[in-house]
Structure formats: structure tokens, C-alpha cells
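Visitor: One gets the working numbering by counting positions in the first sequence from 1 and adding 39 to each. For glycine and all other residues, C-beta sits at the position ideal for the given N, C-alpha and C.
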Amino acid sequence: MKLVIVESPAKARTIAGYLGAGFVVESSIGHVRDLPRNAADVPVSHKKEAWARLGVDTANDFKPLYVVPADKKKQIGHLKKLIKEAEELYLATDEDREGESIAWHLTEVLKPRIPVKRMVFHEITPDAIRHAVDSPRELDRRLVDAQETRRILDRLFGYEVSPVLWKLVRPKLSAGRVQSPAIRIVVDRERERMRFRAAAYWDVAGEFSVAAGTFGAILSALDGVRIASGKDFDREGGITREDVMLLDRAGAEGVVADLDEAAFTIRSVESKPYRRSPYPPFRTSTLQQEAGRKLRFTSQHTMRVAQRLYENGYITYMRTDSVSLSESAIATARAQVIEMYGREYVPDSPRIYISKVKNAQEAHEAIRPAGDTFRTPDQVRRGLTRDDADLYELVWKRTVASQMSDAVGESVQVRLGGTGASGRDAEFSASGKVISFPGFLRAYVEGSDDPDAELEDQERRLPPMSERERAVAERLEVAGHETKPPARYTEASLVKRLEDLGIGRPSTYASIIQTIQDRGYVWKKGSALVPSFTAFSAVRLLEEHFTDLVDYGFTARMEEDLDEIADGQRKMVPYLKAFYFGNGHPGLVELVSKAFDKADAREINTLPFEGLEGVVLRSGRYGPYLERGEDRVGVPEDIAPDELTPARATELLEAPSGDRVLGDDPVTGLAVLVRSGRFGPYVQLGENGDGAKRPTASVFKSMSVETLTLEEALQLLSLPRVVGHDLQTGEEITVANGRYGPYVKRGADTRSLATESELFTVTLEQAMTILAQPKRRRGQAAKGPLKDLGADPSTGWNVVVRDGKFGPYVTDGGVNVSLRREDTVERMTVERASVLLAERREKLEAEGKPVKAGLPPVG
DNA sequence: CAGTGAGCGAGCTTCCGCTTGACTT
């Protein structure tokens, strides 16, 4: 028996059918080993290494630590069993960097003692598979090196830079080679929108009739001077040309009045041949784009549906950057076109598409209907859900159209003019398009992100007319226009932009979109991707401190370097050394430490906002807020950054706060308010305004905001209360409500009170009694140790298990250490605790921190 | 982002790219 391993189970099933008896075809289900994802993934043997956090030994030639992820263990076990019965192993993973790497990892994990052959194919047809089996090759270690370099670089980037964001922006944020430029693209577009100033312009639209019919035309020039239109303005609202005339409403109305009785003549009719070729077949990115535009699918939904179609044999593999079709697929497409539309709808020779995508690895075919004869959408629709059938139809149409003839026709440009009462010459123009042979357009028209552009493709017929023919203005109307800011990215257009930059891979486009939303960098408003204020802070930090890493060309340059590693012109270790430690330029380590030292959190979290004197926009722990002197007001989550105009900001700052006035304080005459704050409801004496501090007090938990009375509020505001003076020392004793609840205080000495109401009732004697008691540590003293383990055999100090805010821990009175994941309170022994404590002491010493002595056993 | 007093300590978050089921609700 010969064992063949491919990446995908569905592919394994297909190939098994082609190879027949004597072969067992199985799958690896993607990568089988990877760097440890987190501390829990690191094997015990390596936990102590300083580099365990990274999973890469940066001091020793970046040696990676590989582990088999939990969800792959079962399959690896299965493969190990199979290999025992096999006489030969064929590694048939994709022929690209990642596929070669999977093949190598398989040999490392399975350790086969039988002959191992590497076989590759780019299309799944019986001939191609047979040929691949008959002409195996060796594993290409240099290609594996290139993959390993890519993997390590991504890990170092992600795991070194993310902590900088945790410290300076917000915990749990992330940075990476792919996601960070993606966020930057979205933020950059929002910045453009914020800078954008609309420009208004007017023109005149006319309806004209000639002998053969009527048509619409737009005023294009007055006395030979071109009328300004949308393309003549820049994004700051300025006009970019001096030789055009800008019409305002009055100007446009003047033109209409002037032309009231004018006679018009056709001045020129120019026609040019029109020809368009079909689009190439789908690859992952274009499938996501078109499914987004035409079916309103998200990238993720498109991929889920495509996966289902693939597994059930409807389409070929859906994660591909290739646009090429197998010979048999081309033949099938052409035959289907002839059958459905006729022979004139296929060109004489087949169309061959070659990928122009940066970094294309071309391990697969384009996405097309599976099989040697394509089932038509009508044939499959019955057995499929609506979404499945719609996506199949899209794939089918695009594939068939890609082998069809060009669309051919004529485009026509007409100019006509007349003289106004004032003697001023006015010229109008109109354009039309007539398609004489639709070719591929019969089957497929690509969608567009821009609705105006979509109209461009449509046929617009003009009536036949000739030069010097008379035209009558049936109607002339003024029309006002405004320039529009550049549109926000959609999932589809962001995927396209990333692909154009060579960032990300077909298998990751959908997850990139997901990640940047999960991290709170981007949110969706309809189908538009809107960057959060956090994204602005993060991008700013990265731009200032990791300029090269978020450069849009970084991945493209990395890919060139990886190609050189795959070619043998360059070596992995020196490359990673230069990236990490620097080489004539600062390395990653230096950039990270500089960012930690120098970056100013306050500055990074100050966001772009202009137009209001004394008002700044900041991003804080509780989200974005506007600050004006003492006043602070939160910015609602659903406001997009470019919508926060000075007018909107003023509105927020002036908005009634929802505070309730309970009445006036009889002593000061000031208003008493209930407000809602960070720590819950509180009462305040006097309105904000002059910057003076206002006394406040938290509303007791036993009180309700709705029924709170002025009397209760005044009582609350009477805190802190002086209870009296210490009978011995004369020190003042007060009671107050603090962040840990009610307490009594004498100098620096404090004790908690049991209830809030005691704040009003406690007498001096009671306060003295409470203060005389030893300080109770919350939890510890109250609950006592969970378990007493007795004397540590190595130190002699008494060890107990206690419960803390981070869960159970052992302590000898000097050093504390949390129980590990594998420990439980019940199973804890003094021997185990002794080991944990020794480790902790060692670590403290290594970090130069003081190690406190423990306490001996009592008695 | 109202202000206010402590204590004893920890470990985690995160990358990109290959692939599917196995989970829970």
C-alpha cells in the first residue's frame, strides 16, 4: 500500500478515486505543527526559557520551537497508524512555500522509515495526478526555509509589537505584518475624509430634439471656456485648473435665460469603435469582491458557502490566487458557450489567463465549476440552498464568460451649440454607446463599488444625427452638484487593496477582516468599514515608532527576500538577525525598547480634532471623550471619526447631561444634583462651570436614585463626618465613604465599617473600639488559610494555601506564588509548595527583587 | 471622564497561514 497525504480531506477523496487500488489517500488538514500560541502551549521542558514567550530562541539562530496543536493530534495519530502499513509515502501537499513546509513537518512528526517521495500537481485531473505519481521529486529544503523565515518574522513582529500597544493604548490589542497595514489603510481613508471639503458647482442640462429623436446633453463650454465639473476640484474644495469657468446657481440660471430663444446646431459627431474583453476567472479575492457587491455576502460568508460547494463537488478549490484553467475546463467552457449562445460567442483560440497578482503562489487552478462538464445553475439549484446556488451561479457565469468573445460596439461623442441673446456662445455635449455584439456581456457583467461607474457600462443610445443638423432645445434646466468625499472601504474593496499591495493570502483575507473588527479597530456601518478612535491611536503609534513595519511596501519587500531564500541567494539566519537585531538600521528589539521608553501615552491617545478653541479629543480607558477645560464628555460609539465636526462636538459638550436637580442647599443656596459617574450614581453640590471643585458623595447602595430626596442628598454631602477626637492623642477621628466602602479614619490608620448607615450613627466610643481592633485584611484574615501544609522541608518556614484575588496561592509568609494550572488546593502538598516557592525565589533573585524571609511554624 | 484609604501576590493578552470538524447555545 502506498500512502498519499494531501492537505484537504475533500481533495483526498477526489484523488483517491483517480488513483484506485494500491493507494490510500489521506489529509494533513492543513499545517500539522506550529510555534506555541501561548504559555499553555509551551512544553514543560521549555517553560523556563527566557524566549518561551516567543517560541523562538532568538539568541540561538532563531531556532523555532514547534508543537503539534491540540486539534491536530488526533489526525497525526491516525496518519502514524497508516504509515506502519505503508511501503511508500507520497507527500502531495501544495507546491508552494506553505505546502512544502507542511510536507517537511510531516516527515518530522511521522518519522517515516519507508521511502518518501514528494509529488506535486496544479490541477486535479486523472492525467495530472498520474503524471505526478510517476515523476516525484525531493523535498525542497530552501522553500521550507523561506516558509520558516516568514513564520518567525510574523511571530516576532506580532509578539514583540503587540505589548507596546498594551502599554500605551489598551490591553489585548494586536499588531502584525498584515493586520496593521490593513488598519492603516482604513484610517488613512478616514483621514482623507476628515480633510475633505465639499465644493459646489452648477451646470445646465438640456433635452434636445433632432429629426430622428431626442437626447440629453450637458453644458460643456461658454465662449470656448470649459465649464467646471466634479473632476476639476481637489479634495480640499479648491479648484485645480485656471482655464475653466465655475458656475454658481445664478450663473447657471443666467445661461438658461440667455438661451431662451437660441437656435442650436449639431457641431460634431465623432464615433470610435468600442471593444471590451471578459474578466479572468475567479480567484479568492475577486470571488469575495463580486459576492460582496452582487450578493451582499461578507467575505466570511462567501468562504463558508464556497467551502460547502467545494466539499460537495460543485466547485474547485476556493482558496487560490491563480486565474488559470485546466485544458479540460477551457474546452468545457467553450463547448458550453457554443451550446448556449452559438459559435460566434467563442474566440478562435482559447483565452489563457496569467496571474498578475503580487506574490502569487499558483498552487491551484482558478475557482470554477468542478468536473469535466459544468452543471448549469438550473441543474444544481434544486438541491442547494439559495446562497449556495447563487454563489455557484456566479462562479459558473464568470468561468463561462471568461472564454467568450469580446463585446464590440461604438461610442459616440456629440457636440452642439447655439448663441444666446447676449451674443455668448454655449456648447453642449452628449455621449452614447451602442453595443453591436455583446459577446461575454451576455453572460456576465462585473459589479462595481461605485454605482456611478456601473452606469458607465450601460448602453446609452443617441439618435442618429449629422453635423450641421438643426437641434431644438426642448428643455433647459439648471442642476446643482457637490463633490463627494472618497468613499470608505468595504470588505470587498479592502480585500482588493490588500491583494494589490501583496498583503495577506487567499486563506486569510476573510480572517483579516474578522480580526480587525474583533480587536475593535474597525466597525461596520452598513457595508462601510469605519475605523475606531482606538485605531487612530494605534496607527499613530505604529507610524511614529515602527515606520518601516507599517509601510505598505513592507510585505512586498519581504516576499522578494523570501524568494531569494527559496532560490538559495540568501540565508535565513542573517536575514532574521538583521530584522531583529538590526544591521546598519535599528532592529526590532531596539525599536520596541525605544517605543516603551519614549512614546508618550497622552500624546498617542490625543486624536486629530480641529476647529474648536480649547477642545481636545482623547481616547481613554472608557472610550473616546472630548475635553474642554474641566468639562469632559464621552463621544458616543456610533459616531464615525469624520462625523465629529466642530458643530457636532459643540452639540455634545452643550447637551443636557441628564442630571436631576433635587433642590437647593439651604445653607449655600447651591443646587443639589444627582449624577451618574464612573463609580455609579453620586450627588453633587452646585453645577459645574467655573472650574471650581464641587463636593460630591456616592449614593448609598441601599438608596435608589429615582426616589432619592434632598434630605438624603444633603446628609450624604455632610460626609466625611468628624466623629470626635481620640481621647488619648487628641487626633481627629472621621468617617467617610471610599472606594472600598465606608471606613473610619484616625491619622493614617483606617478600618472598614460594616455598613454604609454606620457612617451616620457611629459614636466616638464605637469608632475607638473599631480602631483598637487589628487591621482586618479582606479575605485573608476573614477566611483564614485554605489549608495549612506545615513546615517547608528546605526552609523550615510554615507554608499555607490562601485564596487571593488571582485565585489560590501558597505562601510561607515571605514569598507568595500562585498555584499552577495543573495544581489544585486539595492535591497541594508541602513538597510541591516547596518546589513552587523555590522557583519563585529564584525568579525574584534573577529579577533583582528582594526576597523576604518566611515565618516559622507557630508553636 | 466625581473623589477617596490597603493589602499580599500572577499571568495573560498578541502574530500569519494551512485546514476542518467539534464544541456550545
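1) Can you tell which of F618, G459 and V264 has its C-alpha closest to the C-alpha of A302?
2) In whole angstroms, what separates the C-alpha of A79 from that of A131?
3) Could you give the C-beta distance for A345 and L326, rounded to a whole number, given that I count them as a contact under 8 Å?
4) Should N77 be labelled buried (16 or more other beta-carbon atoms within 10 Å of its own) or exposed?
5) On the DSSP letters alone, give me the boundaries of the alpha helix (DSSP H) that R435 sits inside.
6) Keeping to the same chain, check which residues put their C-beta closer than 6 Å to that of S229; ignore five residues upstream and five downstream.
7) From Q556 to S532, what does the alpha carbon distance come to, in whole angstroms?
8) With which residues is Y483 paired in a DSSP beta bridge?
9) Are the CB atoms of L149 and L118 nearer to each other than 9 Å?
10) Quick one: what's M158 bridged to in DSSP?
11) Counting C-beta neighbours from all protein chains within 10 Å, is the total for A171 16 or more, i.e. buried, or is it exposed?
12) Taking only three categories from DSSP, how would you classify W241?
13) Tell me the residue span of the beta strand (DSSP E) that contains D788.
14) Looking at G541 and T594, is the spacing between their C-beta atoms short of 9 Å?
15) Out of M379, E275, K120 and G471, which has the shortest C-alpha to C-alpha gap to F254?
16) Pick out the complete beta strand (DSSP E) segments inside the stretch 78–134, 3 residues or longer, and give them in chain order.
17) Between R514 and T304, what straight-line distance do the alpha-carbon atoms span, to the nearest angstrom?
18) CA-CA distance, V484 and A167?
19) Please state the DSSP three-state secondary structure of V294.
20) Between the C-alpha atoms of A55 and Y129, what's the straight-line distance to the nearest angstrom?
21) What residues are listed by DSSP as bridge partners for S310?
22) Going by DSSP in three states, T53 sits in which element: helix, strand or coil?
23) Quick one: any contact between the stretch 389–399 and the stretch 343–358, if contact means 3 or more CB pairs under 8 Å?
24) Tell me which residues share the same chain as E124 and place their Cβ nearer than 7 Å to its Cβ, disregarding the 5 neighbours each side in the sequence.
25) In terms of residue numbering, what span does the alpha helix (DSSP H) encompassing T808 cover?
26) Label E881 either buried or exposed according to how many other C-beta atoms from any shown protein chain fall within 10 Å of its C-beta, with 16 as the threshold for buried.
27) Quick check: the Cα distance between R879 and W836, rounded to an integer number of angstroms?
28) Over what stretch of residues does the beta strand (DSSP E) that includes E466 continue unbroken?
29) Between which two residues does the alpha helix (DSSP H) containing Y782 stretch?
30) If distances are taken between C-alpha atoms only, which option among V208, S316 and A872 comes closest to G659?
31) Cutting at 8 Å between CB atoms, please list the residues of its own chain near K86, excluding the five before and the five after it.
32) Quick one: Cα of G293 to Cα of A260, how far?
33) Is the stretch 308–315 touching the stretch 265–283, taking contact as three or more C-beta pairs under 8 Å?
34) DSSP on W205, reduced to helix/strand/coil?
35) Determine the DSSP secondary structure at K637, reduced to helix, strand or coil.
36) Which of the three DSSP states is assigned to S47 in this structure?
Guide: Taking the definition as stated:
1) G459
2) 32 Å
3) 7 Å
4) exposed
5) Note on identity: in this sequence residue 435 is Trp, with Arg being the wrong assignment. Per DSSP, W435 belongs to the alpha helix (DSSP H) from R425 to A440.
6) One point to set straight first is that residue 229 is Glu, not Ser, in the sequence displayed. Excluding residues within five positions, the ones whose Cβ falls inside 6 Å are P570, P680 and D681.
7) 16 Å
8) Its beta-bridge partners do not exist; DSSP assigns none.
9) yes
10) Beta-bridge pairing links M158 to no other residue.
11) buried
12) strand
13) D788 to S791
14) yes
15) G471
16) 127–130
17) 15 Å
18) 33 Å
19) helix
20) 13 Å
21) V451
22) helix
23) no
24) M40
25) L803 to A811
26) exposed
27) 15 Å
28) D464 to F476
29) No alpha helix (DSSP H) holds Y782; the beta strand (DSSP E) holding it covers G780 to R785.
30) V208
31) A78
32) 14 Å
33) no
34) helix
35) helix
36) coil
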